[in-house]
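Below: one structure, written as structure tokens.
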């Protein structure tokens with residue numbers, strides 16, 4: 001069978017009219033078996049089809065294959081994927097199309113395992129740990145059922161090799177070191193590699209090539225430059241309140257309802273996400289519900305790694321429709337890999353992404369239909385604490401923000417900018433002299449910063465400050481011991497992080513409260529003077545202040561009803577999502593816990609490297 005006939009069979013199986021040019025070229029190059037292939041294309045471009053089609057194409061091209069008819073001969077594709085959830089979605093979709101696929105992490109019966117070991121699946125997914133550390137799967141790759149049948153190895157979401165495989169600190173090991181050892185697959189499976197990612201800087205790309213031993217790959221890439229997105233950066237100060245920062249959006253929701261421009265708001269932590277969602281929900285009240293008889297029909301929703309699966313499916317389903325009811329989504333990076341959002345106009349970052357690659361990928365969800373999009377970034381010194389130096393430089397640059405971002409992906413001289421200049425970014429807008437109607441209007445985040453209320457202070461004695469500090473320390477010790485007890489009772493560590501990251505409350509917050517206690521009279525004052533995000537800690541600070549001084553305002557702190565306490569809500573959601581992935585994969589969980597040298601006692605010991613360091 002000729003190559004084009006094989007492609008025709010692929011289109012028929014996947015129910016599409018034709019392959020895109022890059023898909024056609026990539027598949028053809030892989031079948032030639034001369035070069036590895038590296039594909040760097042945006043989310044939603046159809047990258048996954050370039051490897052999913054390979055067993056079918058190789059079967060069709062096999063000697064003796066009938067013309068114009070696909071009959072499985074069981075060429076096998078090996079896929080390396082970072083997330084259990086991604087593997088499950090892809091396996092389910094492929095099986096629904098009639099293509100036999102399985103994940104090593106999701107084998108449900110002895111029959112499935114037997115079929116797997118005997119090479120009866122066309123596509124086999126697994127994590128780096130499964131392929132490299134599990135002797136059964138390593139031996140399987142070398143068996144007669146596989147050694148002559150493997151047509152290619154696909155490495156999906158390859159930028160993870162750098163972000164999860166490398167440690168960002170000399171103090172800690174990499175989160176998943178097996179990503180940096182994927183080159184070992186070459187000795188087990190000496191065949192063509194196809195490597196895919198949506199965003200990779202030049203530095204990341206070279207890291208990928210080095211780790212995967214890609215000497216002279218055939219590179220297919222598309223610039224991440226989206227000319228229909230305008231970039232804005234705004235500094236927020238301690239007097240800016242959440243309801244005022246997002247009043248422009250809640251006002252539009254109240255006025256336009258389901259016709260409101262679709263917006264994603266990215267937060268850095270689960271607690272920020274929950275708090276902002278609660279504030280916006282409170283502003284909307286019952287207007288959030290489009291149908292009082294159907295509580296799923298809402299204008300604003302929240303998504304993070306702890307969102308129940310049923311809720312997550314509803315949210316993703318709505319966001320994958322241009323006319324879906326959800327118009328504003330408050331999310332963490334859990335709204336990430338493999339999600340094809342539609343109709344998004346605004347992407348707001350409440351605090352920068354961890355790195356430039358993540359920021360480009362997240363802002364790229366705006367304007368996907370070709371309409372104009374806006375990328376707003378809000379930052380403060382607190383929100384810059386856990387981002388890399390490039391993102392810190394980005395928020396402070398006075399040069400073209402587009403050129404700054406794209407300099408990590410392509411030569412600055414090749415960056416194409418939109419015309420007129422005021423459509424590029426807030427920096428370029430200040431210099432634009434096009435004379436059009438909107439030119440000269442300062443492009444910025446749509447808020448008028450609030451002024452501080454007149455200062456009210458109390459006289460505080462040394463004894464009162466000491467009493468306050470002691471009460472706050474007693475509260476802190478209590479929640480640390482509670483966390484230690486709850487995690488050790490479960491039989492294994494839920495997470496391997498210092499308690500200040502888990503609890504969202506530390507000596508830092510105690511010292512801030514004591515320092516500013518002479519001017520704290522309300523919950524609003526607590527959030528102004530103490531870098532706190534979790535409601536339950538704000539409530540305890542309030543109660544302790546009132547115990548000591550007895551003069552605080554009466555106040556009801558309204559947050560979302562039925563929102564359960566979550567001791568893990570202050571942990572960075574990327575880390576939390578990673579640990580959820582491990583928890584869902586018993587094999588991987590065992591490997592990680594066996595390899596880990598960090599214990600709960602280490603985590604809560606004052607003189608260890610992992611103790612609270614303030």
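Numbering (full-length UniProt numbering), first residue to last: 1 to 614. The beta carbon of each residue, even a glycine, is placed where N, CA and C say it ideally should be. Computed from a predicted model, the values in this text were never measured in an experiment.
Nearest candidate by alpha-carbon position, reference residue i, set the options
i, options, result
"residue 616", "424, 386, 341, 388", "Nothing about residue 616 can be reported from this structure: the residues present for the chain run from 1 to 614 only."
"residue 325", "300, 106, 216", "300"
"residue 75", "39, 118, 83, 126", "118"
"residue 461", "514, 435, 476", "514"
"residue 20", "32, 29, 39, 45", "45"
"residue 2", "93, 233, 58, 34", "58"
"residue 265", "387, 419, 328, 213", "328"
"residue 312", "332, 504, 377, 322", "332"
"residue 294", "314, 98, 306", "314"
"residue 255", "291, 287, 229, 309", "287"
"residue 510", "544, 124, 472", "472"
"residue 127", "284, 141, 82, 247", "82"
"residue 310", "322, 296, 320, 323", "296"
"residue 465", "434, 24, 516", "516"
"residue 468", "149, 520, 124", "520"
"residue 159", "541, 102, 207", "207"
"residue 398", "414, 429, 415, 411", "429"
"residue 124", "282, 141, 538", "141"
"residue 233", "56, 536, 285, 396", "396"
Pairwise C-alpha distance: residue j and residue i
i, j, result
"residue 87", "residue 384", "33 Å"
"residue 154", "residue 161", "13 Å"
"residue 534", "residue 316", "26 Å"
"residue 273", "residue 267", "5 Å"
"residue 405", "residue 360", "8 Å"
"residue 560", "residue 302", "Because residue 560 sits at a pLDDT of 29, beneath the cut-off of 50, its placement in the model cannot be relied upon, and the following sentence gives the value as read from the coordinates. Going by the C-alpha atoms only, they are around 11 Å apart."
"residue 470", "residue 381", "28 Å"
"residue 147", "residue 78", "11 Å"
"residue 190", "residue 11", "28 Å"
"residue 450", "residue 240", "Residue confidence is low: residue 450 scores 44 on pLDDT, short of 50, so the model does not pin down where it sits. No coordinate-derived value is stated."
"residue 94", "residue 112", "16 Å"
"residue 201", "residue 357", "7 Å"
"residue 8", "residue 193", "23 Å"
"residue 525", "residue 547", "17 Å"
"residue 257", "residue 35", "52 Å"
"residue 530", "residue 543", "15 Å"
"residue 392", "residue 457", "35 Å"
"residue 281", "residue 292", "15 Å"
8 Å contact criterion, which residue i and residue j should meet: CB distance rounded
i, j, result
"residue 426", "residue 444", "6 Å"
"residue 49", "residue 152", "Not really, about 14 Å apart at Cβ, beyond 8 Å."
"residue 379", "residue 330", "The pair is not a contact, with the Cβ atoms about 17 Å apart (cut-off 8 Å)."
"residue 370", "residue 342", "With a Cβ gap of about 12 Å, residue 370 and residue 342 do not count as contacting."
"residue 262", "residue 345", "6 Å"
"residue 196", "residue 47", "5 Å"
"residue 100", "residue 121", "5 Å"
"residue 219", "residue 38", "5 Å"
"residue 222", "residue 42", "6 Å"
Helix, strand or coil at residue i [DSSP, three-state]
i, result
"residue 116", "helix"
"residue 522", "coil"
"residue 228", "coil"
"residue 617", "Residue 617 falls outside the range modelled here, since the chain spans only 1 to 614, and no answer is possible."
"residue 516", "helix"
"residue 57", "helix"
"residue 265", "strand"
"residue 19", "coil"
"residue 567", "Because residue 567 carries a pLDDT of 35, less than 50, the predicted location of this residue cannot be relied on, and the following value inherits that uncertainty. Of the three classes helix, strand and coil, the one that applies to residue 567 here is coil, per DSSP."
"residue 51", "helix"
"residue 7", "helix"
"residue 374", "strand"
"residue 366", "coil"
"residue 604", "Legend: pLDDT at residue 604 = 29, less than 50; position of this residue unreliable, no value from coordinates given."
"residue 558", "Residue confidence for residue 558 is low, a pLDDT of 34 falling below 50, so the modelled location carries little weight; the figure read from the coordinates is stated next. Residue state, collapsed to three classes: coil."
Contacting residues, own chain, Cβ-Cβ under 6 Å from residue i (five flanking each side not counted)
i, result
"residue 17", "none"
"residue 348", "265, 376"
"residue 374", "230, 346"
"residue 22", "220"
Sequence-distant residues of its chain with Cβ nearer than 7 Å to residue i (five each side left out)
i, result
"residue 226", "364, 367"
"residue 30", "37, 54, 152, 192, 194"
"residue 436", "420"
Cβ neighbours of residue i in the same chain (closer than 8 Å, five flanking residues each side left out)
i, result
"residue 14", "49, 52, 53, 97"
"residue 28", "3"
"residue 387", "351, 352, 353, 354, 355"
"residue 390", "355, 356, 408"
is_contact[residue i, chain B] using C-beta, thresh 9 Å
i, result
"residue 108", "Any reference to chain B falls outside this structure, which holds one protein chain only."
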